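Asks:
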Amino acid sequence: MNRSQLDHILKAHHRDAYLWARQCCSFEDEMAKDVLQQAYLKILEGQAKLKDASKAKTWLFSIIRYTAIDEIRKGGNVVSLSDSYDPVEIIEEIDATDYEGIIKHLPEMQREVILMVFYHQMTIAQSAEILQIGLGTARTHYDRGKKKLRELITKVQIQEEYGK
């Protein structure tokens with residue numbers, strides 16, 4: 012694939028790529044910009060090669076995801092299981108209109124599948140390919156994520172209604 016074709020693909024998917032980078036970086040704008048820039052550099056320097064042009068968006072999202080994971084590891088922003096939070100306490104702090112805050116409380120794989128399917132109009136199969144998991148596993152994360160998201164939204168709405 013030549014440079015002009017890569018440029019066209021990157022320009023065509025730039026907005027979605029930025030939003031995905033932001034989501035992979037826990038909605039931190041500056042980190043997302045850095046991750047996106049590094050992902051583009053990998054692509055333009057030939058470190059990542061597109062084999063099937065029909066899967067350009069899936070390929071791009073995979074590169075962004077793994078670049079974000081590398082950056083998070085480098086920054087030491089990994090939270091151990093023992094330091095994990097109690098969802099009940101955190102839900103009390105969330106505003107009912109803060110959907111980013113609610114989505115952040117989904118387990119990582121569920122959050123990623125849900126965001127790809129609902130926000131980026133991808134199929135569950137494409138999500139599975141990006142996450143490098145089986146289709147059945149992606150479906151499970153999707154179903155569990157929807158249920159968990161519904162529970163979180165309901166809890167926040169109840170707290171908003173009765174907390175006032």
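Residue numbers (this note's numbering): 12 to 175.
Beta carbons are placed, not taken as given, at the ideal position from N, Cα and C, and that holds for glycine.
Here the structure is a predicted model, which is why all the values come from computation and not from measurement.
1) Please classify leucine 194 as buried or exposed, where buried requires at least 16 other C-beta atoms within 10 Å of its C-beta.
2) Going straight from the alpha carbon of glutamate 56 to that of arginine 33, what length do you get?
3) In three-state DSSP terms, what is histidine 24?
4) Whole angstroms is fine: what's the gap from alanine 67's alpha carbon to leucine 30's?
5) If we count the other Cβ atoms within 10 Å of its Cβ and call it buried at 16 or more, is tyrosine 130 buried or exposed?
6) Do valine 124 and isoleucine 114 have their CB atoms nearer than 8 Å?
7) Distance, Cα to Cα, alanine 23 vs glutamate 172?
8) Buried or exposed for alanine 64, please, with buried defined as at least 16 other CB atoms from any protein chain shown within 10 angstroms of its CB.
9) Closer than 7 Å by C-beta to alanine 59: which residues in its own chain qualify, once you throw out the five before and the five after it? Chain order, please.
10) Is lysine 85 helix, strand or coil by DSSP?
11) Look at the Cβ atom of cysteine 35, then the Cβ atom of arginine 84, and state whether they are nearer than 8 Å.
Replies: Let me spell this out:
1) Only positions 12 to 175 of the chain appear in the structure, and residue 194 is not among them; the question remains open.
2) 23 Å
3) coil
4) 16 Å
5) exposed
6) no
7) 43 Å
8) Under this definition alanine 64 is an exposed residue.
9) Once the five neighbours on either side are set aside, the close Cβ partners of alanine 59 are Lys53 and Ile74.
10) helix
11) no
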